[in-house]
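Undergrad:
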Ligand code: TLP
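Residue numbers (the numbering used here): 233 to 576.
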């Protein structure tokens, strides 16, 4: 049985071009700063997002955590959305590593974000932790892959600046946001001090993320990456895959079209509801309205060859990516329809 894996865009496997680039990559010891392919990728990444420098890290999680370490001191407060990946899905590492206090707030990653941030600020007071950083996420994973428009980011950035706070952008899927709005990615990244983006999501690389920011910030981040065990040696074999992955940016539009096709079909099925307004990129969050618990539904669907992710008691997530075609999506729609109707 063919499996249509829609759990995440992290499940893609490197294609032939990528594997050939990996095999042929020029390499050196990157801890000594001597890997030419890693350097090339870091320079290209910095340029793409309009920052002075960038650092290649093994994962998005490490990129975010290194950013927290480099922006803050132990005991500082970090404001972020209560559904943000850094808060929800990074295994408690902000407490474990940077030793910061997270202040999760509802609605920061919505149009109301600036207002929510204004209300989250507290005046300096010996009783309060010093607030140092605001974290944004674009696209917003648990929001259903929604895009925060540059104008909203601009307002949040200005508010943070007024207070002397830095802004870090978890841009794991920032290129999905840029492709969705048809704009340059710098329209977003100009409104943050640091940005992390992933090569191993929709862009299709097996490993790797980049953290970008000022030269001075990246020098600090490089030391924290080493401290976390993320200093890699002949990492050019991975960076080479990353350079090929960057060529995949324009094709993210196909994933968005496939997500739209899937979302519209699911929205019309009895037993399921989808807020189509949130389907802006490659993620579809569907709610089960007939009382079927999401984990049991996901398991049932997997038996029929479609994999999704239960992200709440009655919510499932489907993510489109370069290893699923339009025909796969059409097949998935038919299977989901049958399962919901109890006919499969
Ligand atoms: N997200 C994964 C899971 O961890 C949930 C996924 O399948 O979506 N920021 C955002 C917004 C992310 O979505 C992810 C991965 C990360 C950071 C972390 O990246 P990795 O997995 O490379 O550590």
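Think of the CB as a built atom: it goes at the ideal place given N, C-alpha and C, for glycine as much as any other residue.
1) To the nearest angstrom, report how far apart residue 519 and residue 430 are at their CA atoms.
2) Is there at least one non-hydrogen atom of the ligand TLP closer than 7 Å to the beta-carbon of residue 394?
3) Within 10 angstroms of its Cβ, does residue 415 collect 16 or more other Cβ (buried), or is it exposed?
4) My output table needs one value for residue 445: the three-state DSSP class, helix, strand or coil.
5) Are there any heavy atoms of the ligand TLP lying less than 7 Å away from the beta-carbon of residue 304, as far as the coordinates show?
6) Bridge partners for residue 285 per DSSP, in chain order?
7) Is there contact between the segment 291-306 and the segment 256-269, where contact requires at least three CB pairs shorter than 8 Å?
8) Is it right to say residue 512 is buried, meaning 16 or more other beta carbons lie within 10 angstroms of its own, or is it exposed?
9) Pull up the distance between the alpha-carbon of residue 488 and that of residue 562, whole angstroms please.
10) For the ligand TLP, I want to know if residue 198 counts as a neighbour, meaning its beta carbon is within less than 7 Å of at least one of the ligand's heavy atoms.
11) Can you tell me whether DSSP reads residue 333 as helix, strand or coil?
12) Of the choices 443, 484, 259, 538, whose alpha-carbon is the least far from that of residue 234?
13) Where does residue 414 fall in DSSP's three states?
14) Less than 7 Å separating the Cβ of residue 514 from some heavy atom of the ligand TLP?
15) Do residue 364 and residue 310 have their beta-carbon atoms positioned less than 8 Å apart in this structure?
16) Going by DSSP, what residue range makes up the beta strand (DSSP E) through residue 544?
17) Report whether the distance from the Cβ of residue 421 to the nearest heavy atom of the ligand TLP is below 7 Å.
18) Tell me the DSSP secondary structure of residue 501 in three-state form.
19) Helix, strand or coil for residue 529 per DSSP?
20) Do three or more CB pairs link the segment 453-464 to the segment 243-258 at distances below 8 Å?
21) Can you grab the Cα-Cα spacing for the pair residue 507 / residue 319, in whole Å?
22) Just to confirm the assignment: which complete beta strand (DSSP E) runs, minimum length 3, are found wholly within the segment 471-521?
23) Over the uninterrupted beta strand (DSSP E) stretch that includes residue 398, give me the two end residues.
24) When you compare only the Cα positions, how much space is there between residue 425 and residue 522?
25) I'd like to confirm the pairing. Which residues does DSSP put opposite residue 273 in its beta bridges?
26) Would you kindly report the start and end of the unbroken beta strand (DSSP E) that includes residue 366?
27) Given a threshold of 16 other Cβ atoms within 10 Å of its Cβ, counted over all protein chains shown, does residue 420 qualify as buried or as exposed?
28) The ligand TLP and residue 292: does the residue's C-beta get closer than 7 Å to at least one heavy atom of that ligand?
TA: In terms of the structure at hand:
1) 27 Å
2) no
3) exposed
4) strand
5) no
6) 445
7) no
8) buried
9) 14 Å
10) As displayed, the chain neither begins before 233 nor continues past 576, which places residue 198 out of reach and without an answer.
11) strand
12) 538
13) coil
14) no
15) yes
16) 541-544
17) no
18) coil
19) helix
20) no
21) 24 Å
22) 504-506, 515-520
23) 398-402
24) 45 Å
25) None; residue 273 has no bridge partner.
26) 363-369
27) buried
28) yes
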